[in-house]
Amino acid sequence: MTRITVAKGDGIGPEIMDATLKIILAAGAQIEIEEIEVGEKVYLAGNTSGIAASSWDTIRRNKVFLKAPITTPQGGGYKSLNVTTRKFLGLYANVRPCVSLHPFVKTKHPVMDIVIVRENEEDLYAGIEHQQTDEVVQCLKLISRPGCEKIVRYAFEYAKQYGRKKVTCFTKDNIMKQTDGLFHQVFDEIAKEYPTIENEHWIIDIGAAKMADTPEAFDVIVMPNLYGDVLSDVAAQIAGSVGLAGSANIGEECAMFEAIHGSAPRRAGQNLANPSGLLQGAIMMLTHIGQTEIAEKVQNAWLKTMEDGIHTYDIFKEGISTQKVGTQEFAEAVIANLDKKPSTLKAVSYDKETALNLPKYTRKPAAKKELVGVDVFVHWPGEDPNFLADKVRNIATSAAKLTMITNRGIKVWPEGFKETFCTDHWRCRFKPSEGSIITPLDIVELLNNAIEFDIDVIKTENLYAFNGTAAFSLGQGQ
Ligand code: NAD
């Protein structure tokens, strides 16, 4: 018996949760349910996080959380409960299978069986943003080695456990050589540990186009957070319907399972909603807690029901569907099919041991890190980079000299193009002068001099070499 936390959520949430629980309990799921309240009521009671402190205790104690969609009220500083939950509980892996149910659910892609494994905690979603000048704001894209190792290893272990043949990595490392470059590099390192699983890397733009056009070319796809957020919705949609997909959010301690759609408030309370997305989440939950036989039984009964043409309104099509049913009738139909298998669609068969066995991250020995320069970012509303260079050169120290100025990453001094559009946000790169080394004291001196010469420094960014390799981007055109 496994104790799980359940939240029925808002809108169609309670109906689809009741249907889902009814199906899995009828299949013999050994679960004990502890219910908590999250979402709209909690938000409107004045809790901007949508969840009470005591509910966190329940989630952390039980470690397994099945969550129906919630309504996030518009405006008012309400925080997304999903994002908060993922970050607080360290749910680093978001797993979303997207399978076509052709010919029973209309899709342009009859052959499609993809699992998107999305990094869930970092990247631009670290949410570190600043306005720096009148014209420029920034969002920090943070990618860490532990973050990459954990998610890439998860993707390969998932592939191994579920008998998948290939893991593909999507990044944009031709442009973001440091951040996406690290993700790709870690992918290549870890792929070597799984010689029986094919691996490949695609640049995200052409990879995404290929996935949308020829999804049968892919199996498991692993990617950083933002790309995964966008492409997992694309994948679910082109498989047939976002209403049919579930997702798992997995951490080292806890896990959360849900449907990918929202609370569909306009459909609430009418016995109309399709419970399939949440049911898919619940099936992933059952495999996660080791109840794989039950998971298999429910999945095959669900496939059989889809195949029988017993469909809720959202996927009902004359000529394909045989019966239009409501939420409750759909659940009853799935229950009646427990112990049956689909005949056209591929029946699933889960290994007894589907709980993934992932090693803890171990930190590598520190590299030799050298300070080799500093970027001083300046707010300056002027136009001529040569003028700025003359001004900024005044702050140089005996060891640190101005070598380059860029604007939005493009080199504008020395020898810039007059056609390059410039904002009020300038990066002034200082490197060691001939025969010198830069120390942190030079940076302090640069900043002191900047005050003296009335230069508006927004921030500095140190330039490092790790084990002798420069670890920062060059200016575009440098
Ligand atoms: P939505 O997913 O709720 O609805 C989009 C469309 O799909 C609607 O036409 C809806 O009727 C239909 N639909 C969705 N799920 C369905 C189902 N199970 N059966 C039948 N039809 C279904 O997206 P939305 O309208 O943009 O958002 C509504 C609310 O849900 C918002 O408050 C949003 O913040 C919230 N939301 C919550 C989650 C979550 O809790 N995980 C995710 C997304 C959106």
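Under the numbering used here, think of the first position of the sequence shown as 1407, with each following residue one higher.
Think of the CB as a built atom: it goes at the ideal place given N, C-alpha and C, for glycine as much as any other residue.
- Task: Determine the closest residue to arginine 1814 out of Thr1829, Ala1661, Asn1800 and Ala1499, with distance taken between C-alpha atoms.
- Result: Thr1829
- Query: Could you give the distance in angstroms between the alpha-carbon of glutamate 1421 and the alpha-carbon of alanine 1739?
  - Reply: Each residue's alpha carbon lies about 16 Å from the other.
- Would you give the residue range spanned by the alpha helix (DSSP H) that tryptophan 1462 belongs to? 1459–1468
- Message: When you measure from the CB of alanine 1499 to every non-hydrogen atom of the ligand NAD, does any distance come out below 7 Å?
- Response: no
- Message: When you compare the region 1696–1715 with the region 1491–1511, are there three or more beta-carbon pairs, one atom per stretch, that lie closer than 8 Å?
- Response: yes
- Query: Near the ligand NAD, which residues have their beta-carbon less than 5 Å from any of its heavy atoms, given in chain order?
  - Reply: With 5 Å as the limit, the residues whose C-beta approaches any heavy atom of the ligand NAD more closely are Pro1475, Ile1476, Thr1477, Thr1478, Gly1649, His1667, Gly1668, Ser1669, Ala1670, Arg1673, Ala1679, Asn1680 and Asp1720, in sequence along the chain.
- Message: Mapping the DSSP letters down to three states, classify proline 1846 as helix, strand or coil.
- Response: helix
- For the beta strand (DSSP E) holding threonine 1574, just list the boundary residues, first then last. 1572–1577
- Proximity winner among Asp1594, Glu1604, Ala1645 and Ala1597, relative to aspartate 1619 (alpha-carbon distances): Its Cα nearest to that of aspartate 1619, the residue Ala1645 stands out among Asp1594, Glu1604, Ala1645 and Ala1597.
- Message: What residue range does the beta strand (DSSP E) around phenylalanine 1872 cover?
- Response: 1863–1872
- Message: What would DSSP say about alanine 1772, mapped onto helix, strand or coil?
- Response: coil
- Message: Which runs of the beta strand (DSSP E) at least 3 residues long sit entirely within the region 1536–1610? Give them in chain order.
- Response: 1543–1545, 1572–1577 and 1604–1609
- Query: To the nearest angstrom, how far is it from the Cα of alanine 1877 to the Cα of alanine 1795?
  - Reply: 25 Å
- Whose CA, out of Asn1468, Ser1682, Gly1417 and Thr1454, lies closest to the CA of isoleucine 1439? Distance from the Cα of isoleucine 1439 is smallest, within the candidate group Asn1468, Ser1682, Gly1417 and Thr1454, for Asn1468.
- Query: Can the beta-carbon of cysteine 1554 be found closer than 8 Å to that of methionine 1629?
  - Reply: No. Outside cutoff.
- Message: I need the boundaries of the alpha helix (DSSP H) containing phenylalanine 1791, first residue and last residue.
- Response: Correcting the residue identity first, residue 1791 is proline in this sequence and not phenylalanine. Unbroken alpha helix (DSSP H) run through proline 1791: 1791–1799.
- Query: Over what stretch of residues does the alpha helix (DSSP H) that includes threonine 1494 continue unbroken?
  - Reply: Rather than threonine, the amino acid found at residue 1494 in this sequence is phenylalanine. Phenylalanine 1494 -> alpha helix (DSSP H) spans 1487–1494.
- Message: Taking 8 Å as the threshold (C-beta atoms), are threonine 1718 and leucine 1678 in contact?
- Response: It is a contact, given that the beta carbons lie within the stated cut-off.
- Any chance the region 1745–1762 sits against the region 1844–1857, with 3 or more Cβ pairs inside 8 Å? no
- Item | CA-to-CA distance, threonine 1866 to glutamine 1537, given in whole angstroms | Glutamine 1537 and threonine 1866: Cα-Cα distance of roughly 15 Å.
- Message: Please tell me whether lysine 1797 and glutamate 1664 are closer than 8 Å, where the distance is taken between their beta carbons.
- Response: In this structure, lysine 1797 sits away from glutamate 1664, with a CB-CB distance that is not shorter than 8 Å.
- Task: Pull up the distance between the alpha-carbon of serine 1455 and that of glycine 1533, whole angstroms please.
- Result: Within the model, the alpha-carbon separation for serine 1455 versus glycine 1533 is close to 16 Å.
- Is it buried or exposed for asparagine 1800, if we count other Cβ within 10 angstroms and need 16 for buried? By the neighbour-count rule (16 or more Cβ atoms within 10 Å), asparagine 1800 is not buried but exposed.
- Query: Just to confirm, are asparagine 1605 and tyrosine 1531 a CB contact at a threshold of 8 Å?
  - Reply: no
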